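Structure first, commentary second.
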Amino acid sequence: AKARGRNGYQFYAPSMTGEGLERLRIEAMLRRSIDKGEIFLHYQPQVEIDSGRLIGVEALVRWQNPELGLVPPVRFIPLAEDTGFINQLGEWVLQEACRQMKRWDDAGLNVPKIAVNLSAKQFERGSIVNMVGGVLEETGLDAARLQLEVTESVIMDTGDALGFINDLHSIGVSLAIDDFGTGYSSLAYLKQLPVQTLKIDRSFIKDISTDINDEAITIAIIQLAKSLNLSVVAEGVETGEQADFLMRHGCNKAQGFFYSRPVLPDDLLSKWRD
Ligand code: C2E
Ligand code: CA
Ligand code: CA
Ligand code: CA
């Protein structure tokens, strides 16, 4: 198609024939993904470092499409956000995560807590509390066992984030700030918000033993959490050295490949039961 460019000259927009169509095609497949049974969850353990005890899991969404293969969330979450599909997807993820807790309970595995990621777009409709409350009621999961993860940008960019988070807190779910340290969160906000947990972003953990800045930031986040009486979890722990460092500096909760990759429910069961 011919279009008039910003500076007035003519150009062909390749996006409308190539990339644009491809994107539309993928969006259409994504919209049908839930009904086709292509969406499922992986669960990654969160552990207490000193005892090795399972303290919770984080639910991570996956899309397995016959044509596209296994699509990572960093590729389809943004599409889902752009198209509005994220609301349906987010509700499905929460439902499935809560149902899975019931299945583990029934199978005799005690998973104390499940963490579910929320996208900024899910806050825009204003009905987030109704959605979460509805799913809890429907699935019968105790609200105290659900933790919702939001990034700093969700908090800073959402109008009335404080109101939404207070509402969620009032129905008994806990909140974690995800990727902490990478966004521009205001410490004043942190003081006001009823959040329980900071998750130290894995970019700081990665070079913890070689980069003194990452070390300093990690220690500062742990101290901040302590001062504010918050729980702190380190993400992306891949080595025993990183785990030792964290424990020495007062962070006793971790998540990462060192402990386990995100896995299917049955794998979690066989690894952690007993
Ligand atoms: P996140 O919430 O920060 O999730 C942690 C990501 O780090 C996961 O990637 C996990 O597989 C990966 N990870 C965990 N441990 C390690 C480690 O030791 N080393 C390395 N290199 N990586 C590790 P994943 O599953 O690909 O998810 C990527 C992002 O997609 C998530 O980042 C989250 O922002 C988003 N996401 C995933 N599931 C959902 C969902 O259900 N809803 C929403 N809104 N976003 C989701
Ligand atoms: Ca997360
Ligand atoms: Ca994270
Ligand atoms: Ca992230």
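Numbering (full-length UniProt numbering), first residue to last: 761 to 1034. The C-beta atom is built at its ideal place from N, Cα and C for all residues, glycine as well. This structure is a prediction, so every number in the text was calculated from the model and none was measured.
CB-CB length for residue i against residue j, believed under 8 Å
| i | j | result |
| --- | --- | --- |
| L935 | V914 | Their Cβ separation, rounded to whole angstroms, is 10 Å, which puts L935 and V914 out of contact at 8 Å. |
| V997 | Q1015 | 7 Å |
| G932 | A903 | 3 Å |
| Q824 | S1020 | About 20 Å; that fails the 8 Å criterion. |
| F940 | D961 | 6 Å |
| L849 | L820 | L849 to L820, Cβ: 13 Å. No contact. |
| K959 | E912 | Going by Cβ atoms, the distance from K959 to E912 rounds to 11 Å, so no, they are not a contact pair. |
| T970 | V992 | About 22 Å; that fails the 8 Å criterion. |
| V889 | D927 | 4 Å |
| P1022 | R863 | Contact flag wrong, Cβ pair sits at about 17 Å. |
| S963 | T942 | 7 Å |
Three-state secondary structure (DSSP) of residue i
| i | result |
| --- | --- |
| Y769 | Low per-residue confidence applies at Y769: pLDDT is 46, beneath 50, and the placement is therefore not dependable, though the value from the model is reported in the following sentence. Three-state result, Y769: coil. |
| D1034 | coil |
| H929 | helix |
| Q1015 | coil |
| G797 | coil |
| N890 | helix |
| G943 | coil |
| E808 | strand |
| T899 | helix |
| G829 | strand |
| L950 | helix |
| A994 | strand |
| Q824 | strand |
| L958 | strand |
| E884 | coil |
| L878 | coil |
| G919 | coil |
| L839 | helix |
| L1024 | coil |
N-terminal and C-terminal residue of the alpha helix (DSSP H) that residue i is part of
| i | result |
| --- | --- |
| S793 | 779 to 793 |
| G1000 | 1000 to 1008 |
| R962 | 962 to 966 |
| E909 | Here E909 belongs to no alpha helix (DSSP H); instead the beta strand (DSSP E) covers 906 to 911. |
| L984 | 972 to 987 |
Whole-angstrom distance between residue j and residue i, CA atom to CA atom
| i | j | result |
| --- | --- | --- |
| K966 | V807 | 18 Å |
| H929 | I874 | 15 Å |
| residue 1042 | V910 | A question about residue 1042 goes unanswered here, because the residues of the chain that appear run from 761 up to 1034. |
| G1010 | G780 | 49 Å |
| A980 | K951 | 16 Å |
| E841 | R885 | 12 Å |
| N877 | G900 | 20 Å |
| V853 | T999 | 30 Å |
| L953 | D865 | 31 Å |
| F845 | K881 | 10 Å |
| I972 | P872 | 35 Å |
| L814 | F1005 | 20 Å |
| W1032 | L906 | 19 Å |
| D1034 | L869 | 8 Å |
| S1030 | K1013 | 22 Å |
| R785 | E798 | 16 Å |
| A976 | F1018 | 22 Å |
| E1001 | D795 | 44 Å |
| E897 | S887 | 15 Å |
| M1007 | G812 | 12 Å |
| F836 | V817 | 22 Å |
| F883 | A788 | 24 Å |
| V879 | L908 | Note on identity: in this sequence residue 879 is Ser, with Val being the wrong assignment. Each residue's Cα considered, the two are about 10 Å apart. |
| T843 | I809 | 40 Å |
| I968 | D920 | 35 Å |
| R822 | A948 | 35 Å |
| V834 | G778 | 22 Å |
| P832 | L839 | 12 Å |
| A1003 | S946 | 28 Å |
Neighbour flag for residue i against chain B, beta carbons, 8 Å
| i | result |
| --- | --- |
| Y1019 | In summary, chain B is missing from the structure at hand, where a single protein chain is found. |
Bounding residues of the beta strand (DSSP E) (the contiguous stretch that carries residue i)
| i | result |
| --- | --- |
| residue 1039 | With the chain covering only 761 through 1034, there is no way to say anything about residue 1039. |
Are three or more beta carbon pairs between the stretch 984 to 991 and the stretch 824 to 835 nearer than 8 Å? no
Are at least three pairs of beta-carbons, each pair with one atom in the stretch 858 to 865 and one in the stretch 886 to 894, less than 8 Å apart? no
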